[in-house]
Structures are given as structure tokens and as C-alpha cells.
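Structure first, commentary second.
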Amino acid sequence: MKTAPLHAGALLLSSLLIPQPRAAEPGYPPDVDPAAIRTAVAAAPKTHPRLFVSAEDLRALRTPFPDGSLKRALAEYIVKEARGLLDAQPITRTLEGRRLLGQSRRCIERVVVLATAFHLTGEERFARRAEREMRAAAGFTDWNPSHFLDVAEMTTALAIGYDWLFDALSPESRVAIREAIVEKGVKLPLETKYNGWVRARNNWGQVCHGGLTLGALAVLEDEPELAARTVANALKNVTVSMAAFAPKGSYPEGPGYWAYGTTYNVLLIDALEGVLGSDFGLSQAPGFDMTGQYPAMMTGPSGTTFNYADGGSGRGPEPALFWFARRYHRPDWIHEEFDWLRRKMASGGRFLPLTLFWMQEGNPPAKLDMPLNWYSDGHVPVSVHRSSWTDPNRVFLGFKGGSPSANHGQMDTGSFVLDADGVRWGLDLGAEGYNGIEQRGMNLWSSAQNSDRWTIFRQMNLGHNTLVIDGQLQKAAGFGKFIGFSDDPAFPHSIIDLTSAYEGQAKSVQRGIALLPSRCVLIQDELTGLKPGAKVRWGMITPGKPGATGSRDIRLAQGGKTLELSILLPGEVAWETYDTAKPRNEWDSPNRGTVMVQFMAVAPADGELKLTVLAVPGSATRPAVGKVKQTPLADW
């Protein structure tokens with residue numbers, strides 16, 4: 175029996191009704207097929223712009239944003255900043271120590287602001303000023319490839335400017351800028367000795383592969399083979415540094431370096447998808463789909479971060495977070511980011527204008543799905559405990575494991591930060607300035623036990639909220655392993671085995687922290703195998719002003735708030751202070767406005783010590799000492 179042929183409409187309807195096969199998602203790690211990459215490059219648009227935005231996106235900037243909107247405020251800020259740059263002299267090839275990095279970053283900020291202002295207003299003067307900036311950088315003898323981050327960021331600056339301002343540039347400028355991108359940036363790791371970073375495990379891999387790929391994609395119509403090779407190089411090797419996100423989206427180098435490395439990772443993925451139609455599976459990296467919550471998890475109610483490793487505690491708006499929130503449909507990840515942007519727009523960094531394209535304004539999220547208690551796992555494990563996401567008097571604890579020998583590591587194993595009542599009480603001093611130490615000829619980047627790195631107060635355990643035994647350093651190769659974690663609301667806690675960090679100083683060392691229902695904090699240390707008479711220092715660096723010392727209780731005051739610290743164990747010890755504001759050595763920076771509150775416990779003949787401290791925020795009800803849980807850590 176013959177059937178009547180289907181007409182076109184019926185064919186279309188049948189195709190809609192019958193499930194169609196979907197293209198398989200790219201796997202991870204990416205399957206780097208050079209032929210497929212060359213095909214994608216050949217099929218890529220040859221028009222500009224194509225990095226992060228389309229011509230339509232830029233034309234849309236001419237339509238005023240609604241009154242009172244955050245995008246309008248941001249657009250006005252960008253134009254104001256651009257006007258302030260009109261009479262500024264372009265950057266020069268001036269190094270700070272061994273780095274040109276400051277100039278590279280300044281070039282990005284200027285070019286992106288000026289290019290965005292040009293598209294917001296149509297005023298040619300902004301395009302001309304950006305052109306001058308790029309021509310100045312293009313004329314440098316080189317972009318300091320011995321410190322390749324400098325090259326990657328300068329390439330980023332010229333790539334975005336070349337792409338976004340292509341039609342506004344003179345033909346001579348196009349040639350000069352394009353040649354600089356190729357010869358002083360993209361070609362270097364493929365044709366010169368400057369490729370030691372290619373399989374970097376830290377932020378260098380993300381930044382350098384990201385920056386050079388932007389350069390390659392910006393000029394791909396003129397350099398298709400170079401573009402294909404650069405993309406292949408990035409896909410094959412950036413996975414080494416992206417391993418940092420596994421398994422739960424944490425970042426080994428802390429929140430400051432998260433902002434650096436992850437922003438470039440976002441730029442890389444967004445550019446690959448926008449230009450070549452695929453990120454080839456990079457976004458499938460384990461933990462990458464969870465890392466958008468990491469900055470919120472690491473930020474306390476004081477507005478400062480849990481800045482372990484070489485990082486400052488300052489916090490500003492993060493443009494990349496708007497990209498994550500949109501991509502993964504998680505507005506709760508940025509529930510405070512809009513406020514950060516309004517209050518601290520000036521600290522939004524060199525990629526701030528991208529927020530205009532990545533941000534979706536709308537109602538606050540109805541629900542915050544991020545956990546109150548979280549453990550990162552990974553090779554630099556940390557945990558956080560907070561009593562609430564919204565209570566203005568909430569308590570926040572950050573607790574650090576891992577090893578001093580990790581990338582940008584410090585001897586902060588077992589250290590913690592503490593926020594309560596909206597202020598930070600227990601703080602991390604952050605990193606010592608790199609250039610000043612390097613200019614002294616000190617070896618800042620070796621993690622060997624006898625490295626100069628561990629003579630710097632901010633790097634050693636004496637300068638952290640952790641234990642010091644007989645004035646000795648932690649073992650640089652040691653590792654603090656989490657052996658307990660609970661998110662039970664009745665007794666959320668974390669326990670770290672610090673034994674290997676104190677090898678040769680004690681037989682075992684464990685520290686536990688717990689957040690009590692009263693919003694008080696319990697910090698308990700258990701040490702065995704100490705040399706009889708050994709002195710163990712318990713310390714916490716604070717910006718609070720300490721009250722009277724010499725007893726088992728001490729009250730800290732700060733901005734009308736208070737925190738009381740009580741020594742529950744051992745007996746016969748008392749609080750004292752140590753001046754952290756004054757530099758300990760001539761190479762140490764001052765730590766103004768800080769002091770360490772500490773006590774010294776002496777090991778008895780059996781070599782066992784138990785140290786227990788209770789921290790009571792002013793807004794909390796002090797529990798009766800007898801009701802404070804002081805069971806062994808093994809029973810927590």
C-alpha cells in the first residue's frame with residue numbers, strides 16, 4: 175500500500191514531534207584534534223568585534239539604560255573614568271623590579287574603559303585615546319617575556335582594543351597593533367624559549383593561555399594557523415591549572431588569586447565559545463561548575479575574605495561572578511555582588527566594563543542555596559562555618575589545612591579567621607610585598623625549610639593564628655589533613671590533624687574548631703609527645719583593642735563591638751599581647767592597627783597538653799563554662 179507523500183509543512187511538524195539526536199557535549203579533558211580546531215578557525219567570523227561581544231551588543235550600548243539601574247550607574251562611571259584618561263600620558267616600558275605587570279594591567283584597564291566609553295557615547299576622542307595607548311605598548315621593544323604574565327596581560331589589552339575598535343583604528347594602527355600581538359605575544363611560546371609556564375599548575379596557566387588565546391582569536395583572519403596552534407596549546411595545557419577547581423570549586427591559592435586566575439579562565443572559555451562556537455569541554459572541568467560560589471563562601475560578614483595563602487583580605491566586585499551566575503542559573507551566588515558593585519565600583523578591576531554584558535539585573539534570589547558549613551577537600555583543604563547568611567550579627571569561621579609548600583603557601587596550617595557582629599576579630603596579615611623582598615636578593619619563591627621565605631613574619635607560623643612550639647617553624651613539607659567535618663546545626667565543626675606540620679616537635683597535634691548554638695566559638699588543641707617543658711604558643715592576630723591582660727579572660731573592643739576570649743584549658747596560664755604592628759625584622763612590613771593576643775602553655779612531664787579557648791561575641795549569650803562541650807576531639 176502506497177502512502178501519500180508528506181508536504182513540507184507536515185515534514186516540519188514531524189521533525190518537531192520526533193526527538194532529534196543532540197550533539198554530544200564535549201568531554202573533559204578536551205580532545206585536541208588539530209584538524210577540527212583548524213576547521214573551527216576557518217569557519218569563525220572574520221568581522222569585528224568578536225571577543226565577548228557582538229556588533230549588536232556594542233550598538234545596544236547607545237540605548238540609555240533605565241534610570242536608577244545599576245547598569246546605568248556603571249555606564250556613567252565608565253564614561254567618567256574615560257574622560258579622566260584623555261589627558262593622561264600613555265604607559266611606558268617601566269619595570270618594577272623584574273615585572274612590567276603593573277603597566278600591562280594599566281593598559282588593559284585604560285583600553286577597555288576607553289573602548290567601552292567610545293561605544294557608549296560615540297565620541298571619537300575615546301577611540302583616539304585608546305589608539306594612542308595601544309600604539310605606545312605596541313612600540314615597546316618587548317613585553318618582558320622573562321616574566322610572562324606581563325606578556326599575557328599586554329596581549330589581552332591589545333587584543334580587546336584591536337577587536338572592539340577595529341573599524342575606528344587607522345590602517346597603520348591596525349597593522350602595528352596586530353604585528354605586536356603576534357610577534358611580542360602569541361608567537362613566543364611556540365617559537366622561542368619563553369614557554370616554561372605552558373604547563374603551570376597555578377594561576378599562570380590560566381592567565382597566560384587565556385591572554386594569548388585572546389590575542390590569537392583577535393587576529394585569526396590574518397594568522398589562521400597561528401590561531402589554531404595557540405588554541406590547541408591552550409586546550410591541551412590549561413587543564414593542568416584548572417585542576418585547582420577539583421573537586422568542589424575551591425581555589426588552592428586563596429580568593430585573591432581565584433579572582434586573577436578564574437577571571438582569565440572565564441575570558442578564555444567565553445572567547446572560545448563566542449568565536450569558535452565551543453569551549454571544547456573546558457567548562458566540564460571538575461569543580462568548575464561550582465566555583466562561582468567560592469567568593470561568597472570565602473567572604474565574611476565583615477566584608478573581608480578568608481585570605482589564606484598569599485592574598486589580601488580586601489574585597490571588591492568581581493565581574494566574572496556575573497558570568498558564572500548567568501551561565502549556571504545561580505543568582506544566589508551573587509546575592510551581595512550588586513551591593514558590592516554599587517559601593518565599590520572603583521575597585522572593580524580592569525575588566526569591570528564586561529559587567530555591562532554579563533550582568534542580569536532583577537529581583538534578589540528567593541532562596542540562598544549555599545551551605546552554611548562547607549569543606550573544600552582538594553590538595554589545599556579549607557572549611558568555613560557560618561551561623562547565618564543574613565543575620566547582621568552572624569559568626570563566620572574560616573579554617574585552613576594543607577601545606578606551606580603549596581603554590582603561594584604560607585605557614586598557616588591550622589590557622590583561622592573569625593568574624594562576629596559585622597567585624598573581623600581574628601585576621602590573616604596576608605602576603606609580604608613581592609618586589610621589596612626580591613630586590614633584597616632574598617629567595618621568596620623557594621618552599622625549602624631553610625628558605626628566606628620563612629624568615630618573613632607574614633609567611634611564618636609565628637605570624638598566624640596557629641600554634642608555635644618552642645619558637646620553631648612549621649615543617650614546610652608538612653600537611654594539615656582534615657580528619658573531621660560536620661555540618662550538623664547542633665554542633666558544626668572541623669578537625670585538622672596537624673602532626674606532620676610539627677614533625678619532630680610533637681608526636682601528634684590536632685586542632686578542632688566548633689560553632690556553638692549560642693554563636694560562641696570553641697577552639698580546641700590536643701598535643702601529645704611534647705618535650706617536657708616545651709612552650710606552646712596559642713595566638714590570634716586582631717585589629718581589636720585588647721583590654722587588661724594577665725588573667726584567663728580578655729576582652730577585645732572594636733567599633734563599639736566586643737569579643738571576649740576565655741582560656742578554659744590549661745590552668746595556670748594568662749593572656750598577654752605581642753606587638754605585630756612593629757616590624758619584626760628590617761625586611762618585614764609594619765602591620766598597623768594589629769596586635770596578637772596570646773598565651774604560653776608549658777608541657778608537663780607526660781608531654782600532653784590540651785588547649786581550649788572560648789570566643790564569645792558581644793551579641794551572644796555567654797554559656798556557662800560547665801556546659802561548654804569539652805570532650806576529646808575524637809568524640810566530637
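Just so you know, we're using my numbering here: the sequence shown kicks off at 175 and counts up by one. By construction, the Cβ of each residue, glycine as well, lies at the ideal position given by its N, Cα and C atoms.
Strand pairing of Ser557, partner residues [DSSP]: Position 383 of the sequence shown, counted from the first residue, corresponds to residue 557. Answer is Tyr549, Phe573.
Beta-carbon spacing of Gly486, Gly423 below 9 angstroms: For this step, residue 486 is matched to residue 312 along the sequence shown. For this step, residue 423 is matched to residue 249 along the sequence shown. Against a cut-off of 9 angstroms, the Cβ pair of Gly423 and Gly486 comes out as no contact.
Distance CB(Ser621)-CB(Ser579) smaller than 9 angstroms: By one-based count along the sequence shown, residue 621 stands at place 447. By one-based count along the sequence shown, residue 579 stands at place 405. Yes, these two residues count as a Cβ contact at 9 angstroms.
Three CB pairs or more closer than 8 angstroms across the region 703 to 723 and the region 654 to 664: no
Residue range of the beta strand (DSSP E) that includes Met770: Here residue 770 refers to the residue found at position 596 when the sequence shown is read from its first residue. Counting along the chain, the beta strand (DSSP E) containing Met770 begins and ends at 769 to 776.
Inter-residue spacing [alpha-carbon to alpha-carbon] between Phe239 and Glu535: Walking along the sequence shown from the start, residue 239 turns up at place 65. Walking along the sequence shown from the start, residue 535 turns up at place 361. Going by the C-alpha atoms only, they are around 11 angstroms apart.
Distance, Arg236 Cα to Val253 Cα: Here the question's residue 253 lines up with position 79 in the sequence shown. Here the question's residue 236 lines up with position 62 in the sequence shown. One C-alpha to the other measures close to 12 angstroms.
Where Ala374 falls, given that 16 or more other Cβ within 10 Å makes a residue buried: Reading the sequence shown from its first residue, position 200 is the one you call residue 374. Burial call: buried.
Segments of 4+ residues assigned as alpha helix (DSSP H) that fall wholly inside the region 377 to 450: 377 to 392, 398 to 416, 428 to 450
Proximity below 9 angstroms, CB of Glu783 to CB of Glu700: Mapped onto the sequence shown, residue 783 falls at position 609. Mapped onto the sequence shown, residue 700 falls at position 526. A quick correction: the sequence has Leu, not Glu, at residue 783. Yes.
Segments assigned alpha helix (DSSP H), at least 4 residues, entirely inside the region 282 to 359: 298 to 312, 322 to 338, 345 to 355
Gln613, enclosing alpha helix (DSSP H) - first and last residue: On the sequence shown, position 439 is the one that residue 613 refers to. Per DSSP, Gln613 belongs to the alpha helix (DSSP H) from 608 to 613.
Rounded separation between Pro195 and Phe454 - CA only: Looking up residue 195 in the sequence shown gives position 21. Looking up residue 454 in the sequence shown gives position 280. Residue confidence is low: Pro195 scores 44 on pLDDT, short of 50, so the model does not pin down where it sits. Its coordinate-derived value is still stated next. Roughly 19 angstroms separates the two Cα atoms.
The region 733 to 744 in contact with the region 791 to 798 per 3-pair CB rule at 8 angstroms: yes
Whether Val405 touches Asn439 by CB criterion (9 angstroms): Numbered from 1 along the sequence shown, position 231 holds the residue referred to as residue 405. Numbered from 1 along the sequence shown, position 265 holds the residue referred to as residue 439. No, they are not a contact pair.
Continuous beta strand (DSSP E) stretch holding Tyr752: start and end: In the sequence shown, the residue the question calls residue 752 occupies position 578. 750 to 752 is the span of the beta strand (DSSP E), which, as asked, contains Tyr752.
Residue from Glu297, Ala229, Gly359 with nearest C-alpha to Ser278: The residue you call residue 278 lines up with position 104 of the sequence shown. Per the Cα distances, Gly359.
Where the beta strand (DSSP E) through Arg726 begins and ends: Walking along the sequence shown from the start, residue 726 turns up at place 552. Element bounds for Arg726: n/a, residue is neither H nor E.
Three-state secondary structure (DSSP) of Arg489: In the sequence shown, residue 489 corresponds to position 315, counting from 1. Coil at Arg489, not helix or strand.
The region 629 to 636 contacting the region 748 to 763, beta-carbon criterion three pairs below 8 angstroms: yes
Through-space distance from Ser457 to Val414, alpha-carbon basis: Residue 414 sits at position 240 when you count from the first residue of the sequence shown. Residue 457 sits at position 283 when you count from the first residue of the sequence shown. Approximately 14 angstroms between the Cα atoms of the pair.
Residues that His582 bridges to, as DSSP identifies them: Position 408 of the sequence shown, counting from 1, holds the residue named residue 582. DSSP, once it has assigned bridges, lists no residue as partnering His582.
Exposed unless 16 or more other CB atoms sit within 10 angstroms - verdict on Thr315: Translated into positions along the sequence shown, residue 315 becomes position 141. Looking at its Cβ environment, which holds fewer than 16 other Cβ atoms inside 10 Å, Thr315 is exposed.
N-terminal and C-terminal residue of the alpha helix (DSSP H) that Pro208 is part of: Along the sequence shown, one-based indexing puts residue 208 at 34. Where Pro208 is concerned, the enclosing alpha helix (DSSP H) stretches over 208 to 217.
Arg711, enclosing alpha helix (DSSP H) - first and last residue: As a first step, residue 711 must be located in the sequence shown, where it is residue number 537. Unbroken run through Arg711 is the beta strand (DSSP E), 709 to 716; no alpha helix (DSSP H).
In DSSP terms, what Ala789 is bridged to: By one-based count along the sequence shown, residue 789 stands at place 615. The partner list for Ala789 (beta bridge, DSSP) reads Val695, Leu739.
Beta-carbon proximity list for Gly596, same chain, < 8 angstroms, skipping 5 on both sides: Taking the sequence shown and counting its residues from 1, the one referred to as residue 596 is at position 422. Pro475, Ser476, Pro566, Asn567, Lys735.
Spatial distance of Leu339 from Glu230 (CA atoms): Walking along the sequence shown from the start, residue 339 turns up at place 165. Walking along the sequence shown from the start, residue 230 turns up at place 56. Cα-Cα distance, rounded: 14 angstroms.
Candidates Met308, Pro421, His293, of which the one nearest Arg284 by Cα: The residue labelled residue 284 in the question sits at position 110 within the sequence shown. The option with the nearest alpha carbon to Arg284 is Met308.
Endpoints, the beta strand (DSSP E) within which Trp514 is located: Taking the first residue of the sequence shown as position 1, residue 514 is located at position 340. Run containing Trp514: none in the beta strand (DSSP E); it sits in the alpha helix (DSSP H), 511 to 517.
Inter-residue Cα distance where the pair is Leu232 and Val287: As a first step, residue 232 must be located in the sequence shown, where it is residue number 58. As a first step, residue 287 must be located in the sequence shown, where it is residue number 113. Cα to Cα, Leu232 sits roughly 13 angstroms from Val287.
Separation of Ala301 from Ala289, as counted between CA atoms: Within the sequence shown, the letter at position 115 stands for residue 289. Within the sequence shown, the letter at position 127 stands for residue 301. Roughly 6 angstroms separates the two Cα atoms.
Inter-residue Cα distance where the pair is Glu677 and Gly686: Translated into positions along the sequence shown, residue 677 becomes position 503. Translated into positions along the sequence shown, residue 686 becomes position 512. C-alpha separation (whole angstroms): 19 angstroms.
C-alpha gap between Trp497 and Phe531, whole angstroms: What you label residue 497 is simply residue 323 of the sequence shown in a count that begins at 1. What you label residue 531 is simply residue 357 of the sequence shown in a count that begins at 1. Cα to Cα, Trp497 sits roughly 9 angstroms from Phe531.
Stretch-stretch touch, CB-based, cutoff 8 angstroms, three pairs: the region 611 to 625 with the region 634 to 642: no
Separation of Ala262 from Val554, as counted between CA atoms: The sequence position of residue 554 within the sequence shown is 380, counting from 1. The sequence position of residue 262 within the sequence shown is 88, counting from 1. For Val554 and Ala262, the distance between alpha carbons rounds to 43 angstroms.
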